[in-house]
Amino acid sequence: MSLRKILIHPDPRLKKTCDPVIDIDAELRKLADDMLETMYDAPGIGLAAPQVGTLHRLFVMDISGKEGSSEPRVLFNPEITWSSDIMNVHEEGCLSIPDIYEEITRPDTVRMRFQDIDGKQIEEEFDGIGATCVQHELDHLNGRLFIDYLSAMKRGMITKKMKKLKKERARDE
Ligand code: NI
C-alpha cells in the first residue's frame, strides 16, 4: 500500500462527475487499499476517488470511531435508493478543504446500493454519522463539495483561504 496525495480545493478534478466502475480489477483494489491508507493517515473518516485525482465511482470510509478498532469499508458505484423526509444537521469537514467545519443539512437516514470489494451487490441503510458520511462521499463522485451547500459568499471566503493554503504548501515543497 502507498499513500496518495490528497487534492485541495479548488481543483478541476474535484468538480468532475466520476465514471462507473465496470470491473473491479487488481488496479482498482490497489487504489481502494491506497485510499484507505491515505484516509487513516490524514486522518479522516471518508475519502472519495476524485480526492486522490482518479475519476472512478468509489469511496472508502471507516466510521467505527473507536481507538484500536477499525472497520474499513470500500463502496463501488454507490447510489441512494431511498432517503428519509426527516432531515438532520451535522457538522462536516473534508480532507480536500482542511480545517473548515460547517453545519450541513441532509436527510437523516438513507439507503444505499453499492458493490463491495468482491463485486457483491449490497443494499444498506445508514443513519447518524454514517448517513452524513455516505452522502458527503457520494457528492464527491458527482463533483459536489459540502461547501456547495453554503452561501456563495461563505463559499467564496473558504475558497480564498484554500487558495492561500495551496500557495503556502507549494512554497514549502
Ligand atoms: Ni470530502
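With this note's numbering applied, the sequence shown covers 1 to 173. Using N, Cα and C, we set each Cβ at its ideal position, and we do this for glycine too.
Quiz item: Which residues does DSSP pair with A48 in a beta bridge?
Solution: F59
Practice problem: May I have the straight-line CA-CA distance separating I63 from F126, to the nearest angstrom? | Solution: 11 Å
Quiz item: Leaving out five residues before and five after G128 in sequence, what residues of the same chain have Cβ atoms less than 7 Å from its Cβ?
Solution: none
Practice problem: Name the one or two DSSP bridge partners that R113 has. | Solution: Beta-bridge partners of R113 (DSSP): E79, E123.
Practice problem: Kindly indicate which residue of I8, K30, E37, R106 has the alpha-carbon position closest to the one of M61. | Solution: E37
Self-check item: Local conformation of V134 per DSSP, three classes
Solution: helix
Quiz item: Between A42, L47, H140, which lies nearest to L31 when the distance is taken from Cα to Cα?
Solution: L47
Quiz item: Looking only at C-alpha atoms, which of R4, D23, P12, L3 sits nearest to D118?
Solution: Taking the Cα of D118 as reference, the smallest distance to any Cα among R4, D23, P12, L3 is reached at D23.
Quiz prompt | Rounded C-alpha distance that separates G93 from I100 | solution = Rounded to whole angstroms, G93 to I100 spans 6 Å at the Cα level.
Exercise. May I have the straight-line CA-CA distance separating K161 from R13, to the nearest angstrom?
Key: 19 Å
Practice problem: Decide if M1 is buried, meaning its Cβ has at least 16 other Cβ atoms within 10 Å, or exposed. | Solution: exposed
Quiz prompt | Boundaries (first-last residue) of the alpha helix (DSSP H) holding F159 | solution = Sequence inspection shows Thr at residue 159; the Phe mentioned does not correspond to that position. It spans 152-172 - the alpha helix (DSSP H) in which T159 sits, taken as one unbroken run.
Quiz item: By DSSP, does M176 sit in helix, in strand, or in coil?
Solution: Absent from the structure is residue 176, since the part of the chain shown begins at 1 and ends at 173.
Quiz item: Taking the alpha-carbon positions, what's the M153 to T159 distance?
Solution: Each residue's Cα considered, the two are about 10 Å apart.
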